[in-house]
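Protein chains in written order, with the working numbering: chain A, 1 to 273; chain B, 1001 to 1088.
This is the structure we're talking about:
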């Protein structure tokens, strides 16, 4: 940890929660979180590149360990999708696999110690760098709104324009004209609740996890060669390790939940009332 | 100035305690109910364990999510309190 003169617990936490921002044009609308975009793309490219390399060199004979591992993931996702969606999985299964691997890769950046990232990036001359794209609400909401648009698209595709509009106006209560407006309002609320809960869930989990790592890092900052200092250092070491182990479960679980819920929402769009 | 600062800080501390505490109560009750039902059903029909386990983990994540979001928001208020900027 850099020993600045004005390094207080609040400034340490606040600094690690700051994105590297670049603003274009007037006003704050075109503000890009550069670190989020770079890390997100990097993780996506690494994920896709790994799968591409394995698929290119895949053999029909006895697969190697790594190919076996990739096949395990693909089959696991395919089976999960098979459970939630009975139709053709030509689009949905690759989508789910992409979401799962990408979200997992982005979440896994949480396990890289934040002070290492900060030190490297300060060395390169950047003022702030947040390594975990999913702790930025823009990433999670970008993904969840993409899922939302897919839900709309598949609703139109599966039921037709007339069929879907009919369902929007008549679905829960009935087709009496008095009930058209309540039906529509209820349907819109139901539609909007999906992407918001999806995005908030992933963001909240990752953000809280990152904050706990930071708090444990603060505990390490009081470590010194006294009895209390040694105790604090040891406690920080043990607790950080324990939280990291627990966090492996959380990042996998959140990637899995995001994938399953996205698939369930798209599968629900195919259902007729 | 000093008084209002202390006032905001004390109310924020209370708010954090309520957010984390109530969230923990809810999440624990939820996980407890789900776990007990899972164990009951697993004891009744052991052949369903693999299928049920998947849903149990899924639901554990869903139940935990609200609590963890609350902890995140509470910690945010604890360290970078946006309400303090009013008097600064």
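Just so you know, even glycine gets a beta-carbon here, dropped at the ideal spot from N, CA and C.
For residue i, three-class secondary structure by DSSP
| i | result |
| --- | --- |
| residue 31(A) | strand |
| residue 5(A) | Unreliable positioning characterises residue 5(A) in this predicted model, as indicated by a pLDDT of 46, which lies under 50. The coordinate reading is nonetheless provided below. Coil, per DSSP. |
| residue 89(A) | coil |
| residue 59(A) | coil |
| residue 112(A) | coil |
| residue 132(A) | coil |
| residue 170(A) | helix |
| residue 18(A) | coil |
Rounded C-alpha distance that separates residue i from residue j
| i | j | result |
| --- | --- | --- |
| residue 69(A) | residue 202(A) | 25 Å |
| residue 65(A) | residue 118(A) | 35 Å |
| residue 1036(B) | residue 250(A) | 21 Å |
| residue 134(A) | residue 200(A) | 10 Å |
| residue 153(A) | residue 86(A) | 18 Å |
| residue 84(A) | residue 1056(B) | 16 Å |
| residue 218(A) | residue 131(A) | 18 Å |
| residue 1026(B) | residue 1067(B) | 8 Å |
| residue 157(A) | residue 36(A) | 33 Å |
| residue 116(A) | residue 17(A) | 15 Å |
| residue 1019(B) | residue 214(A) | 20 Å |
| residue 33(A) | residue 124(A) | 17 Å |
| residue 178(A) | residue 169(A) | 10 Å |
| residue 159(A) | residue 92(A) | 17 Å |
| residue 267(A) | residue 141(A) | 20 Å |
| residue 233(A) | residue 224(A) | 7 Å |
| residue 76(A) | residue 149(A) | 26 Å |
| residue 1011(B) | residue 1004(B) | 10 Å |
| residue 1048(B) | residue 1015(B) | 43 Å |
| residue 1013(B) | residue 121(A) | 34 Å |
| residue 30(A) | residue 22(A) | 8 Å |
Partner residues on chain B for residue i, Cβ-Cβ distance less than 9 Å
| i | result |
| --- | --- |
| residue 274(A) | Since the first residue of chain A shown is 1 and the last is 273, residue 274(A) is not available in this structure. |
| residue 205(A) | 1061, 1064, 1065, 1068, 1069 and 1072 |
Under 8 Å by beta carbon: chain B residues contacting residue i
| i | result |
| --- | --- |
| residue 133(A) | Those within 8 Å of residue 133(A) in chain B number zero; the least Cβ separation is about 16 Å. |
| residue 9(A) | 1079 |
| residue 244(A) | Neighbours of residue 244(A) on chain B: none; closest Cβ ~16 Å, over 8 Å. |
Contacts that residue i makes with chain A (C-beta to C-beta distance below 9 Å)
| i | result |
| --- | --- |
| residue 1042(B) | Neighbours of residue 1042(B) on chain A: none; closest Cβ ~19 Å, over 9 Å. |
Beta-carbon neighbours of residue i, restricted to chain A and to distances below 8 Å
| i | result |
| --- | --- |
| residue 1057(B) | 253 and 256 |
Amino acids of chain B, ordered along the chain, whose beta-carbon sits closer than 7 Å to that of residue i
| i | result |
| --- | --- |
| residue 260(A) | 1058 |
| residue 13(A) | 1079 and 1080 |
| residue 200(A) | 1069 |
| residue 211(A) | 1072 and 1075 |
| residue 220(A) | Chain B residues near residue 220(A): none, gap ~16 Å exceeds 7 Å. |
Whole-angstrom C-beta distance between residue j and residue i, which should lie under 8 Å
| i | j | result |
| --- | --- | --- |
| residue 229(A) | residue 222(A) | 6 Å |
| residue 111(A) | residue 14(A) | That pair is no contact at about 22 Å. |
Which runs of the beta strand (DSSP E), 3 residues or longer, sit entirely within the stretch 195-225 of chain A? Inside the stretch 195-225 of chain A, DSSP marks no whole beta strand (DSSP E) run of 3 or more residues.
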